[in-house]
Amino acid sequence: MGMRLHDTLSRRLQPVAPLEPGHVRLYTCGPTVWNRAHIGNFRTFLFEDVLRRWLERRFDRVTHVMNITDVDDRLIRNAGEHGHGLADETRPWIEGFFADVDTLGIRRAHHYPRATRYIEEMVALVERLEAAGVTYRGDGGIYFRIASFPRYGALSGIRAEGLVAGASGRVDADDYSKEDARDFALWKVVGPGEIGWDTRLGRGRPGWHIECSAMSMALLGESFDIHCGGVDNIFPHHENEIAQSEAATGRAFVRTWCHGEHLSVGGEKMAKRFGNFRTVPQLVEAGYRPSAIRFFLIAGAHYRRRLDWDEEPLQAASEAVQRLRDFRDRVRRERAGGGAAASGPGSSGGAGAEEGPPSRDALVARVAEATAAFEAAMDDDLNVPAAVGQVFAAIRDLNRLLDAEPPAAAVAQRLEDWVAAVDDVLGVLPLADRESEAGLGPEEQELLDRRAAARARRDFEESDRLRAELAARGVVVEDTPGGQRWRRA
RNA sequence: GGCGACGUAGCCAAGUGGUAAGGCACGGGUCUGCAAAACCCUGAUCGUGGGUUCGAUUCCCACCGUCGCCUCCA
Numbered sequence: 001m002g003m004r005l006h007d008t009l010s011r012r013l014q015p016v017a018p019l020e021p022g023h024v025r026l027y028t029c030g031p032t033v034w035n036r037a038h039i040g041n042f043r044t045f046l047f048e049d050v051l052r053r054w055l056e057r058r059f060d061r062v063t064h065v066m067n068i069t070d071v072d073d074r075l076i077r078n079a080g081e082h083g084h085g086l087a088d089e090t091r092p093w094i095e096g097f098f099a100d101v102d103t104l105g106i107r108r109a110h111h112y113p114r115a116t117r118y119i120e121e122m123v124a125l126v127e128r129l130e131a132a133g134v135t136y137r138g139d140g141g142i143y144f145r146i147a148s149f150p151r152y153g154a155l156s157g158i159r160a161e162g163l164v165a166g167a168s169g170r171v172d173a174d175d176y177s178k179e180d181a182r183d184f185a186l187w188k189v190v191g192p193g194e195i196g197w198d199t200r201l202g203r204g205r206p207g208w209h210i211e212c213s214a215m216s217m218a219l220l221g222e223s224f225d226i227h228c229g230g231v232d233n234i235f236p237h238h239e240n241e242i243a244q245s246e247a248a249t250g251r252a253f254v255r256t257w258c259h260g261e262h263l264s265v266g267g268e269k270m271a272k273r274f275g276n277f278r279t280v281p282q283l284v285e286a287g288y289r290p291s292a293i294r295f296f297l298i299a300g301a302h303y304r305r306r307l308d309w310d311e312e313p314l315q316a317a318s319e320a321v322q323r324l325r326d327f328r329d330r331v332r333r334e335r336a337g338g339g340a341a342a343s344g345p346g347s348s349g350g351a352g353a354e355e356g357p358p359s360r361d362a363l364v365a366r367v368a369e370a371t372a373a374f375e376a377a378m379d380d381d382l383n384v385p386a387a388v389g390q391v392f393a394a395i396r397d398l399n400r401l402l403d404a405e406p407p408a409a410a411v412a413q414r415l416e417d418w419v420a421a422v423d424d425v426l427g428v429l430p431l432a433d434r435e436s437e438a439g440l441g442p443e444e445q446e447l448l449d450r451r452a453a454a455r456a457r458r459d460f461e462e463s464d465r466l467r468a469e470l471a472a473r474g475v476v477v478e479d480t481p482g483g484q485r486w487r488r489a
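With this note's numbering applied, the first sequence corresponds to residues 1 to 489, in that order.
Spelled out as structure tokens, the structure:
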């Protein structure tokens, strides 16, 4: 059974079958760099990251393109106010974006095309559309005539009758002088003093939608496999992309459209204009762990369900990551300390993976079961919450089996590989490790040493006092048969 | 006004026409010098009212509630 994804256009699950067998071409709408991206934006980018990771597991090759919109009305306005050029305006936001991408452990796309570097491609595309006779020139620029594209509205389900100009309150309808309210600008005319490009179309700058069509087709071809974004991109952005792309090429633009739901706060969409947004650096500064933020955003709910940003679930996410990490660490110790298992019945016959005691077979069988369940959940429209549920159910069973009997080294290795495979998709463990990477300071090390000495002479009063002192410094100490073990709280 | 989505234990959440995964929190217990970790035990009949069905949380209808999109917002 292969992987399936929900396609917004057909509103059904569709098998992922790349146009070029084994090679998936993926385009995800990236940020407009006029401001710091917030975690609502990152919920979408994280869903796309998990999608990309799973595609890489399932197919030989994935080519991932994410655009960076570095020209739009707000950017031009801000650049003007700040008295510098577009590049100076966008640079800090682009840098901030990539800093956050790294903080959250998002795999870098293979290409990050910027709109300002694809002006020629956009001009060429507009020319193709003009040649196809689906455009007209108005006061403000060149527009796409929706009436010339019968399939318009198929993606969003929005028809002309339902449109109420300015209903969203976000755009001043008077700004547009068009034949039809649905028509959209391909190219906007700008005056001599304004930011713009001198092109065959005249001096101007591109409309928003044209960049994604031009850049995706330039890097992935006129037809490609998967195009993602947030649900708010369905209309008008993606609807318009389909119209202009297919009107130009006469070919199907995208096989599968995937859209991630919003992150909300107190039930309302997180958005810049509501002022209810948080950014990654803000959260990190406030003490939130990137591993917990990542886990919450990818596993807090299925990507097509709304997710509400809230304290309690976030704390739960943090604890869940810790549980996964504790299990990973336990398995590592079991594997590394394989000698400890030498007295167990499992290793009396030497190495080899053929025969083993019941518990060992049970461990192997349970891991195989968990692997299959995890894969099935991921294949089923990227059901991360279900997949994660399978992982934790398995961890409980595996812990019980491990409690009963130490595993043979080969089995421990298998468990470790399993955790690694799971986290290759979830991507939270490297973040958690990074968070606690800060080693012990000299003072902390001394406290730990003194505690070990106190324990050696069974001075538990002193031992407990030192444990509390370390805890106050954010170092959690646990006692095990093998001695103390510490980790960052 | 148009289109659409959601409502599952204290919180988050998966899910199926045949009586509901998982995480967190809470309580009890085993282990531990005490803890921690781990394990065990304890909790929901799935917004409300109808309907279809042998049987619905899962299908249909209505209602209540919450929310999203309706031209440059992920």
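Using N, Cα and C, we set each Cβ at its ideal position, and we do this for glycine too.
Note that the coordinates shown come from a computational prediction; the quantities given were computed from them, not determined experimentally.
- In this structure, V33 lies near D70, with their beta-carbon atoms less than 7 Å apart.
- Only residues of its own chain outside the window of five on either side were considered, and among them P18, L55, F59, V62 and D225 have a CB closer than 6 Å to the CB of V24, listed in chain order.
- When the five nearest sequence neighbours on each side are left out, the beta carbons in the same chain lying within less than 6 Å of the beta carbon of L46 are those of L297 and I298, in order along the chain.
- For C212, the secondary structure class from DSSP, reduced to helix, strand or coil, is helix.
- Looking from the CA of F295, the closest CA among R12, W309, L466 and P236 belongs to W309.
- Secondary structure at T44: helix, using DSSP grouped into helix, strand and coil.
- The segment 190-277 is shown to contain whole alpha helix (DSSP H) runs of 4 or more residues at 208-220 and 239-249, in chain order.
- The shortest C-alpha to C-alpha distance from L9 to any of V101, T116, H238 and Y136 is the one to H238.
- Per DSSP, the beta-bridge partners of L307 are L263.
- Per DSSP, the unbroken alpha helix (DSSP H) holding D88 starts and ends at L86 to T103.
- Each of V265, A394 and P281 was checked against the Cα of L324, and the nearest Cα belongs to A394.
- Looking at R57, E285 and G40, the one whose alpha-carbon comes closest to that of V16 is R57.
- Apart from the 5 residues on each side of it in sequence, A218 sits with its Cβ closer than 8 Å to the Cβ of P113, Y118 and E121 in its chain, given in chain order.
- Separation of the CB atoms of L382 and V101 is rounded to 20 Å, and the pair is thereby denied contact status at 8 Å.
- The segment 355-400 contains, as complete alpha helix (DSSP H) runs of 4+ residues, the segments 358-379 (chain order).
- Partner residues in the beta bridge of W486, as assigned by DSSP, are V477.
- Going by DSSP, I119 is part of the alpha helix (DSSP H) stretching over I119 to A132.
- E241 and G267 have their alpha carbons spaced roughly 30 Å apart.
- Contact between R43 and L307 holds: their C-beta atoms lie close to 7 Å from each other, under 8 Å.
- Boundaries around H82 are those of the alpha helix (DSSP H), D73 to H82, since no beta strand (DSSP E) includes it.
- Apart from the 5 residues on each side of it in sequence, R289 sits with its Cβ closer than 8 Å to the Cβ of S318, V321, L431, A432 and E435 in its chain, given in chain order.
- Contact between the segment 445-459 and the segment 391-407 is absent, with fewer than three C-beta pairs closer than 8 Å.
- At least 7 Å separates the beta-carbon of G105 from that of N67.
- Per DSSP, reduced to three states, the secondary structure at P31 is coil, with no helix or strand assignment.
- Collapsing the DSSP output to three states places D7 in a strand.
- In this model, R52 and E469 are separated by some 44 Å (Cα to Cα).
- Selection E95, R304, T256 and R328 evaluated against D424 yields R328 as nearest (Cα-Cα).
- In the structure shown, V284 falls within a helical segment according to DSSP collapsed to helix, strand and coil.
- When the Cα atoms are used, R278 and T90 turn out to be separated by approximately 20 Å.
- The alpha-carbon of D361 is positioned some 59 Å away from that of T116.
- In this structure, the beta-carbon distance from L263 to G482 does not fall below 7 Å.
- Under the three-state reduction of DSSP output, R182 falls in the coil class, being neither helix nor strand.
- Looking from the CA of E443, the closest CA among A420, G427 and G474 belongs to G474.
- The beta carbons of F98 and A243 sit no closer together than 7 Å.
- Excluding sequence positions up to five before and after T249, its CB lies within less than 7 Å of the CB of E222, all in the same chain and listed in chain order.
- Cβ-Cβ distances below 7 Å link A292 to L314, A317, S318 and V321 in the same chain, with the five nearest sequence neighbours on each side left out; the list follows chain order.
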